[in-house]
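Student: Chains as they are written, first to last, in our numbering: chain A, 1 to 102; chain B, 103 to 736.
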């Protein structure tokens, strides 16, 4: 059985990351933006795993665990913020949260 | 010299006692209330006793070995330069210590009664103690740096005490004037210290006096004159004498302390203490000292003769008498100068305290035109004041006769006939203006301001007046030729002054006495006899311009005001209004203005839309990432 070449994984990861970036830039729903950010993080995880495989060591895979932990913490804080903003304003539209400007 | 055991302790106690008294009273003065006067008097009194113990132990040593340096603690040690807290106890400093503490103690005792009703009673005594402590540091210091500490301490205390009644604007102004004028002198003094430290590499008295000869004539003269510049400030000589008459705004015991026993003698002391430095550069420095002294003596005496305020007459007379001391120093009669300093401390303290007693009795009145015949109303004050009057006038055998005559005699012996003549003229004027004051205040018909009930001096005040009166009578015998000799006690430090002997001495003394008596007689003709008023009128019309000039202090204050104070104020205005407000503030405000302008445009970048920030974020990442890729060359 032939192995899938690492280039495919890299391409997929790059694609996921780009989708994440574009999603963050174009969507206005805070929850959706949040999901795109998670998508970017996971794209990065895929990069790490792929590179670890290519290098033949475990360092990249170890880093993935750190990213997961940090992402979990980020979800806790981020969702709490979004929840409070949503309760106060009754909306998830980030364009309406623009008090901090000139 | 190795000091006998216990010496250092007593010397330190001389300074430490009043210093501790001042510290205690400043901290707890309010709590102890009226007791503070007794605490202050006790500390200075004990300090006087310590001084006496030192003095008698010093007498136990042979004449040439009476100079001791006592190290208290390390102070400044930088490389080769050392200025430790060391005290110099020698005949000269011990004489000064005894004068300062002795007269100081009497003034403290006097103040107990004089300041009785003052709301800041304990504060007053704290300042008095501090003043004495500073003066004692000054006279006992073995190096110029420590001396300067005392020097500035005295200046500070004079400010605090002259402005003691600071609610009155004139008093606050007088205090400022005294402080600022003294600062001008201090600046010169400080420059002198720098020059000496640079040239000699040490500030100790013995090394300065020993090294002065190696400085070279010009530098030694410059150094000496810079120190003398400081002395003209502290000792109120031309051109810096203007603060002293105004300093009369302070309480009278302060005037007595500042102008008799302590501060003003500091300048004389410095000139005498560093006499080898003054001599090192040839005659120039000493000639300047002597002439400044002589001119000041005459100048101040002229103003005193036209003054109506009894305290101001005494102020001018102080300036004038200090001039005598500088004449003495300038003709190398150092110990004679110190002798006059001692006798002057006695009779001038007495006169000030007597004037204070008069003011106390007359509800603060100082205008002699409103007084008269007080001798019968207040016999103790009248009698002691008369002793002071005869002493300062130089009448045989009162204290002033001996010291003033000695100064004139030394000037003659040195061939300075012009100085002698000026001194003699001043002696006549002194006798005249002091008699004028005495006659107007104490003799003639009883004449009082409305509604004043006269009383003689209270007990504490009399307790100070009587000993000072006695000293004014007998003070001259401290230096009676052949019996008690202050001069020879000072010889190991100051060398022997050249005094005339034999017939010449008698003739000179007789001349001085005749001039003094003449001065008193003129005053009697003008002020005591019934026709005096008419005579004065006639005399005044012969030279009205001179009378009005003298009444206005020869317009010196106005002159300084125009030439120095006004330009100084204008410069300060320029600095404040133009330089500070416009240029400095302009720079600062200008920066703020530019930043404000830029940011009012640039802040629109902050839209508040999260996606805008995200785009900028992304662009930043792209830029940095591409930069890194290009650098690494992947």
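Using N, Cα and C, we set each Cβ at its ideal position, and we do this for glycine too.
Everything numeric in this text was worked out from a predicted model, so none of it was measured.
Going straight from the alpha carbon of residue 690 of chain B to that of residue 681 of chain B, what length do you get?
Tutor: Here the question's residue 690 of chain B lines up with position 588 in the second chain. Here the question's residue 681 of chain B lines up with position 579 in the second chain. When rounded, the distance between both Cα atoms is 12 Å.
Student: Which chain A residues sit within Cβ distance under 7 Å of residue 710 of chain B?
Tutor: In the second chain, counting from the first residue as 1, residue 710 of chain B sits at position 608. In chain order: 98, 99, 100 and 101.
Student: At least one CB of chain A closer than 7 Å to the CB of residue 716 of chain B: is that the case?
Tutor: Locating residue 716 of chain B in the second chain gives position 614, counting from the first residue. So, interface residue.
Student: Within 10 angstroms of its Cβ, does residue 423 of chain B collect 16 or more other Cβ (buried), or is it exposed?
Tutor: To locate residue 423 of chain B, count along the second chain from 1; it is residue 321. Buried.
Student: Note down, in chain order, all residues in the region 80-96 of chain A with a beta-carbon under 8 Å from any beta-carbon belonging to chain B.
Tutor: 94 and 95
Student: Take residue 96 of chain A and list the residues in its own chain whose beta-carbon comes closer than 7 Å to its own, dropping the five residues that flank it on each side.
Tutor: The residue labelled residue 96 of chain A in the question sits at position 96 within the first chain. Cβ within range, chain order: 89.
Student: Taking 7 Å as the CB-CB limit, is residue 32 of chain A close to chain B?
Tutor: The residue you call residue 32 of chain A lines up with position 32 of the first chain. By this cut-off, residue 32 of chain A is not an interface position.
Student: Using 7 Å as the limit for Cβ to Cβ distance, is residue 24 of chain A near chain B?
Tutor: Counting from one through the first chain, the residue named residue 24 of chain A turns up at place 24. For residue 24 of chain A, the answer is yes, since a Cβ of chain B falls inside 7 Å of its Cβ.
Student: Span of the alpha helix (DSSP H) holding residue 541 of chain B?
Tutor: Indexing the second chain from 1 puts residue 541 of chain B at position 439. Annotation for residue 541 of chain B: the continuous alpha helix (DSSP H) segment containing it runs 519-544.
Student: The beta strand (DSSP E) that contains residue 175 of chain B, what's its start and end?
Tutor: To locate residue 175 of chain B, count along the second chain from 1; it is residue 73. Where residue 175 of chain B is concerned, the enclosing beta strand (DSSP E) stretches over 170-180.
Student: Should residue 339 of chain B go down as buried or exposed, given a rule of 16 or more other Cβ atoms within 10 Å for buried?
Tutor: Stepping through the second chain from its first residue, residue 339 of chain B is reached at position 237. Result: buried.
Student: Helix, strand or coil for residue 128 of chain B per DSSP?
Tutor: For the purposes of this step, residue 128 of chain B is identified with residue 26 of the second chain, where counting begins at 1. The three-state secondary structure of residue 128 of chain B, taken from DSSP, is helix.
Student: Please classify residue 730 of chain B as buried or exposed, where buried requires at least 16 other C-beta atoms within 10 Å of its C-beta.
Tutor: Translated into positions along the second chain, residue 730 of chain B becomes position 628. Counting Cβ neighbours within 10 Å, residue 730 of chain B comes out exposed, since fewer than 16 surround it.
Student: Can you grab the Cα-Cα spacing for the pair residue 702 of chain B / residue 694 of chain B, in whole Å?
Tutor: Against the second chain, residue 702 of chain B aligns to sequence position 600. Against the second chain, residue 694 of chain B aligns to sequence position 592. Rounded to the nearest angstrom, the two C-alpha atoms are 12 Å apart.
Student: For residue 224 of chain B, count neighbouring Cβ atoms within 10 angstroms of its own Cβ and tell me buried if that reaches 16, exposed if not.
Tutor: Along the second chain, one-based indexing puts residue 224 of chain B at 122. Its Cβ being crowded by 16 or more others within 10 Å, residue 224 of chain B is buried.
Student: Would you kindly check if the distance between the Cβ of residue 439 of chain B and the Cβ of residue 344 of chain B is under 7 Å?
Tutor: The residue labelled residue 344 of chain B in the question sits at position 242 within the second chain. The residue labelled residue 439 of chain B in the question sits at position 337 within the second chain. No, the Cβ-Cβ distance between residue 344 of chain B and residue 439 of chain B is not below 7 Å.
Student: Should residue 449 of chain B and residue 403 of chain B be called a contact, given that it needs their Cβ atoms to be closer than 7 Å?
Tutor: Indexing the second chain from 1 puts residue 449 of chain B at position 347. Indexing the second chain from 1 puts residue 403 of chain B at position 301. No.
Student: Starting from the N-terminal side, write out each stretch of the beta strand (DSSP E) that is 3 residues or longer and does not extend beyond the region 653-725 of chain B.
Tutor: none
Student: Is residue 4 of chain A helix, strand or coil when you go by DSSP?
Tutor: The residue labelled residue 4 of chain A in the question sits at position 4 within the first chain. Here residue 4 of chain A carries a coil assignment [DSSP, helix/strand/coil].
Student: By the criterion of Cβ-Cβ separation under 8 Å, what are the contact partners of residue 57 of chain B in chain A?
Tutor: Outside the shown range of chain B (103 to 736) lies residue 57 of chain B, about which nothing can therefore be said.
Student: Inspect the beta-carbon positions of residue 410 of chain B and residue 348 of chain B and report whether they are closer than 7 Å.
Tutor: Taking the first residue of the second chain as position 1, residue 410 of chain B is located at position 308. Taking the first residue of the second chain as position 1, residue 348 of chain B is located at position 246. No, they are not a contact pair.
Student: Counting only runs of 4+ residues fully inside the region 351-420 of chain B, write out the alpha helix (DSSP H) ranges in chain order.
Tutor: 354-358, 367-375, 377-382 and 386-406
Student: Could you please give the first and the last residue of the uninterrupted alpha helix (DSSP H) stretch that includes residue 51 of chain A?
Tutor: Stepping through the first chain from its first residue, residue 51 of chain A is reached at position 51. 30-55 is the extent of the alpha helix (DSSP H) around residue 51 of chain A.
Student: Taking the continuous alpha helix (DSSP H) assigned at residue 65 of chain A, which residues delimit it?
Tutor: By 1-based counting over the first chain, the position of residue 65 of chain A is 65. It spans 59-89 - the alpha helix (DSSP H) in which residue 65 of chain A sits, taken as one unbroken run.
Student: Take residue 444 of chain B and list the residues in its own chain whose beta-carbon comes closer than 6 Å to its own, dropping the five residues that flank it on each side.
Tutor: In the second chain, residue 444 of chain B corresponds to position 342, counting from 1. So the qualifying residues of the chain are 201.
Student: Between the region 68-87 of chain A and the region 4-14 of chain A, are three or more C-beta pairs nearer than 8 Å?
Tutor: The answer is no - the region 4-14 of chain A does not touch the region 68-87 of chain A, with fewer than three Cβ pairs under 8 Å.
Student: Chain A partners of residue 733 of chain B, CB-CB under 9 Å?
Tutor: Residue 733 of chain B sits at position 631 when you count from the first residue of the second chain. Within chain A, no residue comes near residue 733 of chain B; the closest Cβ sits about 20 Å away, beyond 9 Å.
Student: Are residue 482 of chain B and residue 559 of chain B closer than 7 Å when you measure CB to CB?
Tutor: Against the second chain, residue 482 of chain B aligns to sequence position 380. Against the second chain, residue 559 of chain B aligns to sequence position 457. The answer is yes: Cβ separation under 7 Å.
Student: Any idea what DSSP makes of residue 434 of chain B, helix, strand or coil?
Tutor: As a first step, residue 434 of chain B must be located in the second chain, where it is residue number 332. Residue 434 of chain B: coil per DSSP, three-state reduction.
Student: Say the cut is 6 Å; is the CB of residue 57 of chain A nearer than that to a heavy atom of the ligand FAD?
Tutor: Because no ligand of any kind appears in the structure shown, any question about the ligand FAD cannot be addressed here.
Student: Of all the options B:288, B:314, B:595 and B:686, which has the alpha carbon lying nearest to the alpha carbon of residue 298 of chain B?
Tutor: Taking the first residue of the second chain as position 1, residue 298 of chain B is located at position 196. Per the Cα distances, B:314.
Student: Residue 186 of chain B: which of B:192, B:572, B:194 and B:177 sits nearest, CA to CA?
Tutor: By 1-based counting over the second chain, the position of residue 186 of chain B is 84. Nearest C-alpha to residue 186 of chain B: B:177.
Student: Strictly under 7 Å for the Cβ-Cβ distance: is residue 225 of chain B near chain A by that measure?
Tutor: In the second chain, counting from the first residue as 1, residue 225 of chain B sits at position 123. By this cut-off, residue 225 of chain B is not an interface position.
Student: Would a C-beta distance cut-off of 7 Å place residue 497 of chain B and residue 442 of chain B closer than the cut-off?
Tutor: Within the second chain, numbered from 1, the residue matching residue 497 of chain B stands at position 395. Within the second chain, numbered from 1, the residue matching residue 442 of chain B stands at position 340. No, Cβ-Cβ distance for residue 497 of chain B and residue 442 of chain B is not below 7 Å.
Student: How about residue 713 of chain B: is its C-beta nearer than 7 Å to some C-beta of chain A?
Tutor: Taking the second chain and counting its residues from 1, one reaches residue 713 of chain B at position 611. Yes, residue 713 of chain B lies at the interface with chain A (some Cβ there is under 7 Å from its Cβ).
Student: Work out the CA separation of residue 383 of chain B and residue 320 of chain B for me, nearest whole Å.
Tutor: As a working mapping, residue 320 of chain B is identified with position 218 in the second chain. As a working mapping, residue 383 of chain B is identified with position 281 in the second chain. Computed Cα separation, rounded: 6 Å.
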